[in-house]
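What follows is one structure encoded as structure tokens, with my remarks underneath.
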Amino acid sequence: GDSVTQMEGPVTLSEEAFLTINCTYTATGYPSLFWYVQYPGEGLQLLLKATKADDKGSNKGFEATYRKETTSFHLEKGSVQVSDSAVYFCALKNRSPNGNQFYFGTGTSLTVIP
Amino acid sequence: DTGVSQDPRHKITKRGQNVTFRCDPISEHNRLYWYRQTLGQGPEFLTYFQNEAQLEKSRLLSDRFSAERPKGSFSTLEIQRTEQGDSAMYLCASSPAEAGNTIYFGEGSWLTVV
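So the sequences go chain by chain: A and B. Quick note: the first sequence uses this note's numbering, first residue 367, plus one each step. Quick note: the second sequence uses this note's numbering, first residue 20, plus one each step.
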């Protein structure tokens, strides 16, 4: 079945460091891929998405490229800030007619220290 | 605020009691989802509505769980005879039918069964 595997945390970085959080997926067909972010005590917010191979999603300095050949959607940011501290979830949604489920990874906790 | 709203945000209940959560989706969204999230895990799909029709149910949704969306607007999730294993955050999300695959989450309802 469809699934998402993401890098285990927690990840601790200094401010202005480069961030990569790895995400790989297993899916039939051509899923859409997402990164959601969850700040402490809040629900999940969409960070970025990509709907087809080679698409790049970007938002708030974060980027991720849909790589079909490696079934990956790694999240990157060139210079993290303290305010980026949160849990990041990779997710997929397949396009089958009955496929209305989103499949989430287990989340990667990021802490950015000043 | 026109986002997804959930009520109550926190609920502590004794084992064996019934609890009900309410979700008000974004007003123009006809799709509504319930997910469950436990500590250190990603959200797990429970059920999905399109308008008032419940179209998908996860095997996670035991017979103690029931969800309704009677008028195709707000939804309720009821858990009967709660067990300690039901302690989790219950997330509601909604999406429009036409706008691709993005879903928008509420802030969640925390349930603690003691």
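For each residue, glycine too, the CB sits at the ideal point set by N, CA and C. This structure is a prediction, so every number in the text was calculated from the model and none was measured.
The three-state reading of DSSP puts Asp43 of chain B in strand, counting E and B together. By the rule that beta-carbons nearer than 7 angstroms mark a contact, Leu410 of chain A touches chain B.
Phe64 of chain B belongs to the set of residues whose beta carbon lies under 7 angstroms from a beta carbon in chain A. In terms of beta-carbon proximity, Thr121 of chain B lines the interface with chain A, with at least one pair separated by less than 7 angstroms.
Cβ neighbours of Ala457 of chain A within its own chain (closer than 8 angstroms, five residues either side excluded): Val370, Leu399, Phe400, Trp401, Tyr402, Phe468, Tyr469, Phe470 and Gly471. Taking the C-beta atoms as reference points, Pro62 of chain B is found no nearer than 7 angstroms to Gln69 of chain B. Judged by their CB atoms, Cys389 of chain A and Gln411 of chain A are not nearer to each other than the 7 angstroms cut-off.
DSSP places Gln25 of chain B within a strand segment (E or B) once states are collapsed to three.
Residues of chain A whose Cβ lies closer than 9 angstroms to the Cβ of Phe84 of chain B do not exist; the shortest such Cβ separation is about 16 angstroms. Residue environment: Thr474 of chain A is assigned as buried (16 or more neighbouring CB atoms within 10 Å of its CB, all protein chains considered).
For Thr431 of chain A, the CB contacts under 6 angstroms within the same chain, skipping 5 residues up- and downstream, are Lys422 in chain order.
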